[in-house]
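Participant: When we follow the numbering used here, the leftmost residue of the sequence shown carries the number 10, and every step to the right adds one.
Take this structure, written in structure tokens, and hold onto it; I'll ask about it next.
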Amino acid sequence: MFDSTPDISHVDIKIENKKVEIKETSLRFFPLKGKKTLDLSTEILKHLESYGLDIMMCRSQGYDNAATMAGIHGGVQKIISDKYNKHTNISVKRLSTTRWSAHYNAVKLLQENFEKFIEAIEALCNTNENLDTRGAAESLLPVVCQYTFLCFLYFWHNILEEVNNTQIYLQTKGPSLDKVIIKIEALSLFLNEERQNVVDKALNKTF
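Structure, rendered in structure tokens:
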């Protein structure tokens, strides 16, 4: 009897009798010549290169909580991410039939990272991928590049942003009934009076 289980990338995997062992492996220990973020990032990249490790193949970074290392505005992590931002740890969100916030998050993520999304699909069209993955990517690519798709992407981003802000407000504790009514009426007013502006903005962004 032969059995296999495909993972999400359609690659058959065998998990029977597999023992998971978690361990930490260090490539090298070396003295630092400086303590500034630029010095640290330069040293890290230099030693990775000396091992023949391509930083463009890096999928994620991990640092301690020191601001010099993990600071989002000027730490080593930020410097390396700005230079080598091919892999951004971003995943496309699924739509939810029950949560409106999921609709906005799905559209927002795609709209703000559309170029990277296209690059990822193009990479999946590569002949190195299996037939199922390649076929799905090749079918999806022309659809998301259509003018109509782009128009609706920007259109729904603007609409769902307002809807999301309103539903978040309605779920907060404290607002009185009259304030809730004002918020809902404001959303209704936006949808009625700004509809043409929303359409125009979507069309202009598409160009």
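Cβ atoms here follow ideal geometry from the backbone N, Cα and C, with glycine treated the same way.
1) Would you call the CB atoms of S59 and I88 closer than 9 Å?
2) Buried or exposed: L169, going by 16 or more other Cβ atoms within 10 Å of its Cβ?
3) How is D63 classed by DSSP in three states: helix, strand or coil?
4) With respect to the alpha helix (DSSP H) encompassing G144, which residues constitute its N-terminal and C-terminal limits?
5) Alpha carbon to alpha carbon, what distance is there between N114 and Y163?
6) Alpha helix (DSSP H) containing R103: first to last residue?
7) Cβ of G43 within 9 Å of Cβ of E52?
8) The alpha helix (DSSP H) that contains S197, what's its start and end?
9) Among the candidates L179, G183, I190 and L47, whose CA atom is the shortest distance from the CA of D91?
10) Should F11 go down as buried or exposed, given a rule of 16 or more other Cβ atoms within 10 Å for buried?
11) Quick one, are the C-beta atoms of K210 and N167 less than 9 Å apart?
12) May I have the straight-line CA-CA distance separating S13 from T215, to the nearest angstrom?
13) Give every residue of the same chain whose Cβ lies closer than 7 Å to the Cβ of L57, excluding the five residues on either side of it in the sequence, and list them in chain order.
Facilitator: With the given structure in hand:
1) no
2) buried
3) coil
4) L140 to V153
5) 13 Å
6) Careful: R103 lies outside any alpha helix (DSSP H) and carries neither H nor E.
7) yes
8) L186 to E202
9) L47
10) Note that F11 scores 44 on pLDDT, short of 50, meaning its location in the model is unreliable; the coordinates nonetheless yield the value given after this. Answer is exposed; the Cβ neighbour count stays below 16.
11) yes
12) For S13, the predicted model reports a pLDDT of 47, less than 50, meaning its position is unreliable; a value from the coordinates is still stated below. Taking the straight line joining both Cα atoms gives about 45 Å.
13) I64
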